[in-house]
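Residue numbers (the working numbering), protein chains in the order written: chain A, 1 to 188; chain B, 189 to 376. Quick notes on the structure that follows.
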DNA sequence: GCGGTGCATTGATGTAGATCAAGAAGTGAT
DNA sequence: ATCACTTCTTGATCTACATCAATGCACCGC
């Protein structure tokens, strides 16, 4: 297999992403602009000059790309207490779409690159997220990747349709269906 | 295919690695302990309580794991001007072997976790290395991963045997051989 | 010279997961 | 209740790469 359908890989090839959990909730009660987002609402479009950082307070966002066939490919999930923003800087338009998988509330702030690259704890969090992703990508078989995923994100498994998990794992929904069948057979 | 032979993936599943280029050469002429390493010499063994950081000044190191069949699987190359160390901390033994692919000289220093996690530029470098690795891992097909590899590491392509590049790419030497044949046919 | 020893190539065959296609089962709108 | 729409499942076939096995080829010590 290709790890990802070729189309997704091509779409993923240029972008990077900042994604990390909130380090503390010192800001949570400060009176900042809170946005309510309804399920399906798009917060950022690929190709836009994005300057926003989204801090999820409740609900679930996702980032994804769309290939030349119009197919979506999920890059990351961002549940409550996570921060998500495209890594694009200056004049470079972002590569990713961001939308809501559930009705959500999030804090929207202007992107501040100084802050994004100066906070040591935040940088360490970003490293940890990336390392997890590398380790998951290195998990060889689809079944291993899936088992690894439900270990790390047990809640998300319940909250999104299977085809999105398949997309995140880089496999087709059909393949995930067969994997789940196999796992449930093993348990009997 | 599995992205990596299953055995390698299992070996890779727990470890992480700090690897980044030297940010400046301010230290290069300071009288620090310089170690000459001959080709094949092992600097670190999996399972040891490693406390060393290796700064490559000339030559080429690699980090790798060994699976239960005794097969080596290359995790990263570290040519001159790169720093390499296992991410293990405290009482946790490291997961990786490190050895020299060429006669090398390197500076060996005690691992200083405070330093490894406090230098902002260094953290950003680590993020960049990880992002490159993620993007490479996401490149779907073996041929795409190989083309991406020779773009990023043109020198290393010339300096190490093919089977090691195959190992880094997560494919077999046979597959790499066929890929190279195909590419040379395309060019004719 | 000559026989190792390790690496690259080539062929044959096996397998995980993609792709295509056809149901089945759930959900919402009229 | 019925129709449309989506998700999940299941089967058939295809493809990229693994695995196994044989051969070629360089470099080495003798």
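The beta-carbon is built from N, C-alpha and C at its ideal position, and this holds for glycine as well.
The three-state reading of DSSP puts residue 314 of chain B in helix, counting H, G and I together.
With a threshold of 16 other beta carbon atoms within 10 Å, residue 340 of chain B falls short and is exposed. Rounded to the nearest angstrom, the Cβ distance from residue 237 of chain B to residue 286 of chain B is 14 Å, too far for a contact under 8 Å. At a cut-off of 8 Å, the C-beta of residue 123 of chain A has a neighbouring C-beta in chain B.
Residue 361 of chain B sits away from residue 346 of chain B, with the two beta carbons spaced by 8 Å or more. When secondary structure is reduced to three states using DSSP, residue 81 of chain A falls in the coil class, being assigned neither helix nor strand.
Residue pairing by DSSP places residue 185 of chain A in no beta bridge whatsoever. Between residue 239 of chain B and residue 299 of chain B, the C-beta gap is smaller than 8 Å, which places the two residues in contact.
Secondary structure within the segment 153 to 181 of chain A: the alpha helix (DSSP H) runs of 4 or more consecutive residues, fully enclosed, are 154 to 159, 162 to 169 (chain order).
With a 10 Å radius around the Cβ and a threshold of 16 neighbouring Cβ atoms, residue 271 of chain B comes out buried. Of the residues A:72, A:126, A:180, the one whose Cα lies closest to the Cα of residue 147 of chain A is A:180. Going by DSSP, residue 56 of chain A is part of the beta strand (DSSP E) stretching over 52 to 58.
Residues of chain A with a Cβ closer than 7 Å to the Cβ of residue 314 of chain B are, in chain order, 127. Residue 241 of chain B and residue 296 of chain B have their C-alpha atoms roughly 6 Å apart. Per DSSP, the continuous beta strand (DSSP E) segment holding residue 298 of chain B begins and ends at 292 to 298.
B:290 is the residue among B:365, B:344, B:290 whose C-alpha sits nearest the C-alpha of residue 247 of chain B. Neighbours of residue 306 of chain B in chain A, taken as residues at a C-beta separation under 9 Å, are given in chain order as 120. Chain B has a Cβ within less than 8 Å of the Cβ of residue 131 of chain A. Counting along the chain, the unbroken beta strand (DSSP E) around residue 232 of chain B starts and ends at 230 to 232. In this structure, DSSP gives residue 141 of chain A a state outside helix and strand, which the three-state scheme calls coil.
Judged by beta-carbon spacing, residue 47 of chain A lies beyond the 8 Å limit of residue 100 of chain A, meaning their Cβ atoms are not closer than that value.
The beta-carbon separation of residue 123 of chain A and residue 308 of chain B, rounded to 7 Å, stays under the 8 Å limit for a contact. In the DSSP assignment, the residues bridged to residue 261 of chain B are B:253.
When the five nearest sequence neighbours on each side are left out, the beta carbons in the same chain lying within less than 6 Å of the beta carbon of residue 156 of chain A are those of 77, in order along the chain. Residue environment analysis places residue 226 of chain B among the exposed positions, since fewer than 16 neighbouring C-beta atoms fall within 10 angstroms of its C-beta. If you check the CB distance, residue 176 of chain A and residue 183 of chain A do not come in under 8 Å. The C-alpha of residue 223 of chain B lies about 34 Å from the C-alpha of residue 129 of chain A.
In this chain, residue 119 of chain A is not harboured by any beta strand (DSSP E), its DSSP state being neither H nor E.
With a 10 Å radius around the Cβ and a threshold of 16 neighbouring Cβ atoms, residue 221 of chain B comes out exposed. For the options B:357, B:373, B:366, B:374, the alpha carbon positioned closest to that of residue 260 of chain B is the one of B:357.
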